[in-house]
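Numbering (the numbering used here), first residue to last: 80 to 423. Take a look at the structure set out below.
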Ligand SMILES: NC(=O)c1ccc[n+]([C@@H]2O[C@H](COP(=O)([O-])OP(=O)(O)OC[C@H]3O[C@@H](n4cnc5c(N)ncnc54)[C@H](OP(=O)(O)O)[C@@H]3O)[C@@H](O)[C@H]2O)c1
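Encoded structure:
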């Protein structure tokens, strides 16, 4: 096998900022997303993972539901065997899909991801959504599963216990949540034996989630920010008329002009500087390179950070409509906006 080396224009992984977790472990402050949406094949995504590792990325955000872990696994094996990286220099996240919350299923899902990714442990395993719900991949946002269930804390904790067992068995180094709210996390913190190390949540300049962000930080839960660029390539089925476009915001565009970078890169830079861990997706080398380079370049000024804090539009893009469990509901019911868990 050819020796796989860090690209000449890559970024020294030691220089990329790190975040310390509640175990004392360090996690790279940026990762590569791997959800190819409807637009990119698993092969394109796994090639991007290979290209990104060659450029200095050490954190890859995977999930069983993205359907490409078996291809990413081949790349991970190759880069480790070639000697470019050691396993312990990589941070690999995977996620438990919603139809695998039941008794015994969490272990099954984790071992399948490990087998596909060709690893013997994960750095982080997340419960992808707090709702146990099967819906067909790619289904329309209006489709409803007859099996859809609301958040029932007692059931979530049963799933969480299984997550804890994975950590105790050493199959995963950290466990965490995703798509949670403050009130759900409060209950999890009350009842968990092992507190979530991270919470993956939607975060971009037009959707900053300040309350949840601060809650996570105060409780030593590291926020990982998905859709950091406002997911311009998300599936059309996930778009609504009221959605706003982060990379067209005049504040973002002005900063991009000053730094001579793409507005997308401003979003990534802001995220790292604010303290969340963005996981931007791209299959294009120039894009994922700029996203990594900006983490070590000249910081945004205090005025720019202030201006970006001021453009929050509370515009959630991934609304989760397919998780609704009753006919007469709106997607806001999934997000406990009144500060209480929406009753069943
Ligand atoms: N936990 C969860 O429930 C959850 C939900 C959603 C996503 N995620 C994770 O978060 C990751 C990121 O989210 P996302 O993929 O939806 O959205 P995103 O990262 O906000 O947007 C990705 C798109 O931004 C554009 N882009 C990226 N870098 C760029 C650059 N430097 N210059 C110009 N354009 C750039 C690309 O579009 P073009 O192709 O047009 O250039 C790319 O397809 C996913 O891949 C997945 O790993 C997790």
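Glycine residues also receive a C-beta, built at the ideal position from the N, C-alpha and C atoms. For clarity, every value in this text was computed on a predicted model and none was experimentally measured.
Within 7 Å, strictly: CB atoms of residue i and residue j
| i | j | result |
| --- | --- | --- |
| residue 373 | residue 285 | no |
| residue 345 | residue 334 | yes |
| residue 170 | residue 138 | yes |
| residue 330 | residue 386 | yes |
| residue 392 | residue 323 | yes |
| residue 90 | residue 162 | no |
| residue 245 | residue 189 | yes |
| residue 301 | residue 100 | yes |
| residue 303 | residue 277 | yes |
| residue 319 | residue 118 | no |
Straight-line gap, residue i to residue j (C-alpha atoms, nearest Å)
| i | j | result |
| --- | --- | --- |
| residue 195 | residue 154 | 11 Å |
| residue 383 | residue 132 | 30 Å |
| residue 105 | residue 406 | 44 Å |
| residue 369 | residue 347 | 9 Å |
| residue 110 | residue 210 | 25 Å |
| residue 241 | residue 140 | 21 Å |
| residue 243 | residue 186 | 11 Å |
| residue 401 | residue 97 | 35 Å |
| residue 271 | residue 88 | 44 Å |
6 Å CB neighbourhood of residue i in its chain, flanking five on each side removed
| i | result |
| --- | --- |
| residue 192 | 143, 148, 173 |
| residue 81 | Confidence is the limiting factor: at residue 81 the pLDDT is only 49, short of 50, which leaves the residue's position unreliable, though a coordinate-based value still follows. Counting only Cβ-Cβ distances below 6 Å, and skipping sequence neighbours, we find nothing. |
| residue 423 | 229 |
Same chain, Cβ closer than 7 Å to residue i, neighbours up to 5 away in sequence not counted
| i | result |
| --- | --- |
| residue 232 | 266 |
| residue 226 | 212, 213 |
| residue 177 | 207, 208, 210, 211, 212, 213 |
| residue 375 | 90, 94, 95 |
| residue 108 | 95, 96, 97, 98, 351, 356, 374 |
CB-CB length for residue i against residue j, believed under 8 Å
| i | j | result |
| --- | --- | --- |
| residue 204 | residue 251 | 4 Å |
| residue 256 | residue 229 | Contact flag wrong, Cβ pair sits at about 16 Å. |
| residue 360 | residue 112 | 3 Å |
Close beta carbons around residue i, own chain, < 8 Å, minus the five adjacent residues each side
| i | result |
| --- | --- |
| residue 200 | 193, 249, 250, 251, 252 |
| residue 262 | 415, 418, 419, 420 |
| residue 168 | 92, 137 |
| residue 197 | 152, 153, 155, 156 |
Complete runs of the alpha helix (DSSP H) confined to the region 280-364 [at least 4 residues]: DSSP runs (the alpha helix (DSSP H)) wholly in the region 280-364: 289-297, 329-338, 342-353.
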